[in-house]
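Participant:
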Amino acid sequence: MPPVSIPEFDPALRELSRLHVLIRLPEAIAGAFSDRVQNVFADVALRHERESGVLLLIAGREHEAGVLLPALAEVMREFDNKPDGVAPEIVETRMAVPEELRSGRPDDFSRFVAIHGNDAGGTTKKFLLVMAGSTVFGSGSHPSTRLAVKALEHLYADRVFPARVLDVGCGSGILSFCSCLFGAREVLGIDISREAIGAAEINKSLNPFADKVVFAARQLSELAGPYNLIIANVTAAVMSGMVHDFSRLSAGGGHLVLSGLLGRQETEVAETMRDFGFRVAGLYGQDRWRALLLAAVDGRP
């Protein structure tokens with residue numbers, strides 16, 4: 011799943027903008043807090059990233075910041091004395107255009123894949139992917155997702171696509187589906203969010219080609235490899251705790267696609283993975299976002 015963040019405000023799309031609120035909260039109260047917010051506010055979307063302990067709230071069209079924020083503060087006060095003595099905290103608020111309302115040029119997502127309902131009309135692309143209307147867990151418009159797709163395209167265009175693929179933090183399943191379209195024979199998408207797995211299963215049901223894709227709410231540490239390709243579109247902080255498993259699960263001659271990196275983080279990640287026997291085979295960037303394609307070096311540890 012793409013890292014939780016608030017898109018930049020675009021003055022040209024002011025009329026489509028919705029209030030985005032990023033909230034930090036302890037795992038112990040995350041479920042109850044999310045339920046309470048949805049009971050109080052109709053027409054809001056929530057996206058929770060457990061690893062980083064943040065919740066993104068996207069207000070509906072009818073919500074005004076001057077009304078929603080004071081009401082949200084009242085809800086937060088209800089949780090002031092919950093376990094660990096750590097209360098929810100608003101980290102950032104911004105008006106921005108939700109992913110599902112952002113438009114892009116037809117070729118923005120992929121050179122080879124068209125998403126039905128986005129750029130599929132009259133498409134000349136080789137593959138068609140159908141995604142359900144809800145994009146809380148990723149629609150393909152987030153830069154980190156698009157950069158990961160560019161890395162997958164590199165593998166698709168350059169050689170026979172890796173046979174056995176692991177998609178870590180799969181979200182809506184979009185990168186798992188692209189891997190399947192590009193030729194993977196077996197794809198496992200994992201996410202610690204059961205809501206994300208549910209969304210991915212819905213999308214799988216819309217795409218008959220996706221019978222090779224399996225989704226599961228599992229931890230990376232539970233898995234046994236090897237995988238020819240491991241994809242992780244997560245934050246650098248989350249990624250740092252996965253590097254040993256990346257090495258353990260990667261097959262000889264395998265590849266890693268690591269996205270969700272900001273600024274110079276790709277340099278730090280590349281240096282870390284070099285110690286595990288991986289070299290940089292590709293670097294992709296859009297605005298402040300970065301993604302790496304790494305290849306296992308023969309004789310790695």
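Be aware that the sequence shown starts at 11, since it is given in our numbering, and climbs by one per residue.
Cβ coordinates follow ideal geometry from the N, Cα and C atoms, glycine included.
Three Cβ pairs or more, each shorter than 8 Å: is that satisfied between the stretch 168 to 182 and the stretch 298 to 307?
Facilitator: no
Participant: Taking the alpha-carbon positions, what's the P98 to L79 distance?
Facilitator: 13 Å
Participant: Please state whether DSSP places G208 in a helix, a strand or coil.
Facilitator: G208 falls in the helix class under three-state DSSP.
Participant: Determine, using beta carbons only, whether A234 and H265 come nearer to each other than 7 Å.
Facilitator: no
Participant: Can you check the stretch 171 to 228 for any beta strand (DSSP E) of at least 3 residues that lies completely inside it and give the ranges in chain order?
Facilitator: 174 to 178, 196 to 200 and 223 to 226
Participant: With distance defined between alpha-carbon atoms, name the residue in G292, S154 and D308 nearest to S257.
Facilitator: D308
Participant: May I ask you to list the residues that DSSP assigns as paired with Q296?
Facilitator: W299, per the DSSP bridge assignment.
Participant: Pick from A194, G183 and L157: whose alpha carbon is nearest that of V175?
Facilitator: A194
Participant: Assuming V107 is part of the alpha helix (DSSP H), what are its boundary residues?
Facilitator: Taken as a continuous stretch (DSSP letters only), V107 belongs to no alpha helix (DSSP H), as it is neither H nor E.
Participant: Per DSSP, what kind of secondary structure is R115 in: helix, strand or coil?
Facilitator: Caution applies to R115, whose pLDDT of 44 falls short of 50 and renders its modelled position unreliable; the value that the coordinates give is listed next. Coil at R115, not helix or strand.
Participant: Given a cut-off of 7 Å, decide if S269 and A158 are closer than it, judged by their beta-carbon atoms.
Facilitator: yes
Participant: Is S182 near V197, with beta carbons less than 7 Å apart?
Facilitator: no
Participant: Tell me the start and end of each unbroken beta strand (DSSP E) in the stretch 238 to 280 that is at least 3 residues and wholly inside, in chain order.
Facilitator: The stretch 238 to 280 contains these whole beta strand (DSSP E) runs: 260 to 272.
Participant: Helix, strand or coil for A69? Go by DSSP, reduced to three states.
Facilitator: coil
Participant: Does the Cβ of D201 have 16 or more other Cβ atoms within 10 Å, making it buried, or fewer, making it exposed?
Facilitator: buried
Participant: Short of 7 Å in beta carbon distance, which residues of its chain neighbour I212, apart from the five on each side in sequence? Order them along the chain.
Facilitator: A142
Participant: Could you spell out the range, first to last residue, of the beta strand (DSSP E) harbouring R28?
Facilitator: R28 to R34
Participant: Quick one, which of V107, I39, K222 and V290 has its alpha-carbon nearest H58's?
Facilitator: I39
Participant: Among residues of its own chain, excluding the 5 on either side of A220, which ones have a beta-carbon nearer than 7 Å to its beta-carbon?
Facilitator: F187, C190 and K214
Participant: State the DSSP-derived secondary structure class of H164, mapped to helix, strand or coil.
Facilitator: helix
Participant: On the criterion of 16 or more Cβ atoms from any shown chain inside 10 Å, does R156 qualify as buried, or is it exposed?
Facilitator: By the beta-carbon neighbour count (other beta carbons within 10 angstroms, threshold 16), R156 is buried.
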